[in-house]
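Position 326 of the sequence shown, counting from 1, maps to 429 under my numbering, and the rest follow consecutively.
A quick write-up on the structure given underneath.
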Amino acid sequence: MQKYDIGETVSVGSTGIVKKTKNMNFAIKILTKTDKNKKDVMKEIKIHKSLDHKNIIKFIEDIEDETSYYLVMDLAKNELFDFIEPDIGMDLTLIHFYFKQLIAAITYLHNKGICHRDIKPENILLDNNGNLQLSDFGFSTLFIHKKERRRLFTILGSYTYMAPEILNGSYEGDLVDIWSAGMVLLVMSSGVTPWEKPSTDDKKFDAYIKTKFLNYSPFISLNTEVLKIFKQMCSIDEKQRISLKSLKNIPWFSKRSNLMDENGLCANKEMLYQILYKDKIAPPFSQPENFKGFTDKFISSQPVCNTFDLPMMKRIYLVESINSAMPKVIKLFESMIVPYELDKIGITFNTVDSKRNTLSGSVSFIKMMDFVCISFTRLRGDCIEFKKFFNFISEKLSIDNSGLR
């Protein structure tokens, strides 16, 4: 891999890791070679190479050496989940804009006979102009082969966003994507994942099956039109699930987005930027006057650079040194019984979330003038749970540093 200067890890998945190049232009998915995965990797490469759509991450090239496969693609520097507030969701204007772009990407795939099978916020990125980019085609496959539909039988995907028929081992590839997109719509609208697994063993999912009127959380908080669309997309009976063609005729979906141009791309980056970063611009703690001006340039409430160039991480700013900030984070981890290790750049942690699923990430510390920037990067785990974890840490550090307010 002499061609690319590989930098830090962006994410860790079930099949490999994603790193970015040090020049920040590309992301590289690295998969270790095994006797079992060659066929799957070759299929992923073939499918992703064949795609050319404005809302799908662009595939650049594939390289291999004795030990690994390297899938090089454009780097999208933000994840959709970063703008989904736990227990709240997103602004309805954003939901409408990004949902239309997501459906455009899925429609393109389905017209080519391809299903994604792992649509979730973690696989939905945003490019420098704020446009949605669907990524990670490791579970994608053909549901139409030689002009004939074929049922699929492999059980895979992410439980929270997975259609129930997948667990039964027989399903239609395009219909499970529609279910997953409906789940993304729900999470964007509520900031809540309603169940852990689409099985009657899960009490919350069982309640969803048995309840005709969803007059309880999180459904009760949804916009009426959004709830109607969700119910049609996430019909338990796959045969009753709304088609993408019918979805596009629903007035709420088909209405014009003020953020979108005639090509389906962002028409007003400044407006989109202001909505996305509303209530998220200022660092958690107020700054003293001697560096406030610098911070205004670094993360401004006005879109000076007018680009979406913040990395896929959450940040905390403290007016102190790294030597005093790092022990505070370590002390918090120890009080929360979060396993961690110290490394060259900071801290790595590996714990479980509120649903007893793995949640791992890294914490780096960078000295900037009179303050320290603490960056939390999610490596593995549910995006909403990661944000809850980060918000808890941020709140605790805020209390510890209340004298800085």
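Using N, Cα and C, we set each Cβ at its ideal position, and we do this for glycine too.
Residue i: CB within 7 Å of a non-hydrogen atom of the ligand HEM
i, result
"residue 426", "Looking at this structure, you won't find the ligand HEM or any other ligand, since it has none at all."
Residue i classed as buried or exposed, judged by whether at least 16 other C-beta atoms fall within 10 angstroms
i, result
"residue 349", "exposed"
"residue 105", "exposed"
"residue 213", "buried"
"residue 309", "exposed"
"residue 72", "Absent from the structure is residue 72, since the part of the chain shown begins at 104 and ends at 508."
"residue 437", "exposed"
"residue 158", "buried"
"residue 111", "exposed"
"residue 296", "buried"
"residue 206", "buried"
"residue 323", "exposed"
"residue 256", "exposed"
"residue 316", "exposed"
CA-to-CA distance, residue j to residue i, given in whole angstroms
i, j, result
"residue 179", "residue 469", "22 Å"
"residue 114", "residue 243", "19 Å"
"residue 485", "residue 181", "16 Å"
"residue 346", "residue 132", "32 Å"
"residue 488", "residue 107", "33 Å"
"residue 335", "residue 199", "17 Å"
"residue 426", "residue 433", "11 Å"
"residue 374", "residue 197", "11 Å"
"residue 303", "residue 236", "33 Å"
"residue 184", "residue 144", "26 Å"
"residue 365", "residue 233", "16 Å"
"residue 204", "residue 351", "12 Å"
"residue 428", "residue 498", "14 Å"
"residue 231", "residue 377", "14 Å"
"residue 119", "residue 424", "35 Å"
"residue 259", "residue 271", "11 Å"
"residue 329", "residue 441", "38 Å"
"residue 168", "residue 319", "53 Å"
"residue 125", "residue 135", "21 Å"
"residue 211", "residue 245", "13 Å"
"residue 358", "residue 282", "22 Å"
"residue 142", "residue 209", "24 Å"
"residue 327", "residue 353", "13 Å"
"residue 360", "residue 381", "19 Å"
"residue 457", "residue 371", "38 Å"
"residue 81", "residue 313", "There is no way to answer for residue 81, as the model of the chain reaches only from 104 to 508."
"residue 462", "residue 160", "25 Å"
"residue 166", "residue 249", "29 Å"
"residue 443", "residue 419", "19 Å"
"residue 148", "residue 472", "44 Å"
"residue 306", "residue 453", "28 Å"
Selected residue, minimal CA-CA separation from residue i, among the options
i, options, result
"residue 123", "492, 176 and 147", "176"
"residue 80", "171, 375, 264 and 161", "In this structure the chain extends from 104 to 508, so residue 80 is not present and cannot be described."
"residue 67", "108, 225 and 160", "Shown here, the chain extends from 104 to 508; a query on residue 67 therefore has no answer."
"residue 451", "311, 271, 256 and 477", "477"
"residue 228", "238, 221, 220 and 222", "238"
"residue 109", "174, 338 and 305", "174"
"residue 195", "204, 325 and 429", "325"
"residue 121", "241, 192 and 211", "241"
"residue 262", "159, 460 and 253", "460"
"residue 201", "138, 290 and 419", "290"
"residue 288", "156, 192 and 128", "192"
"residue 150", "137, 281 and 164", "164"
"residue 187", "472, 456 and 292", "292"
"residue 339", "301, 306 and 357", "301"
"residue 84", "381, 190 and 439", "Nothing can be reported for residue 84: it is not among the residues displayed for the chain, which extend from 104 to 508."
"residue 367", "419, 306, 137 and 156", "156"
Residue i and residue j closer than 8 Å at C-beta
i, j, result
"residue 355", "residue 332", "yes"
"residue 496", "residue 467", "no"
"residue 268", "residue 341", "yes"
"residue 247", "residue 216", "yes"
"residue 379", "residue 369", "no"
"residue 284", "residue 222", "yes"
"residue 465", "residue 445", "no"
"residue 218", "residue 279", "yes"
"residue 276", "residue 344", "no"
"residue 493", "residue 422", "no"
"residue 264", "residue 286", "yes"
"residue 500", "residue 417", "no"
"residue 152", "residue 162", "yes"
"residue 254", "residue 274", "yes"
CB contact below 8 Å: residue i versus chain B
i, result
"residue 195", "Here there is only one protein chain, and chain B is not present."
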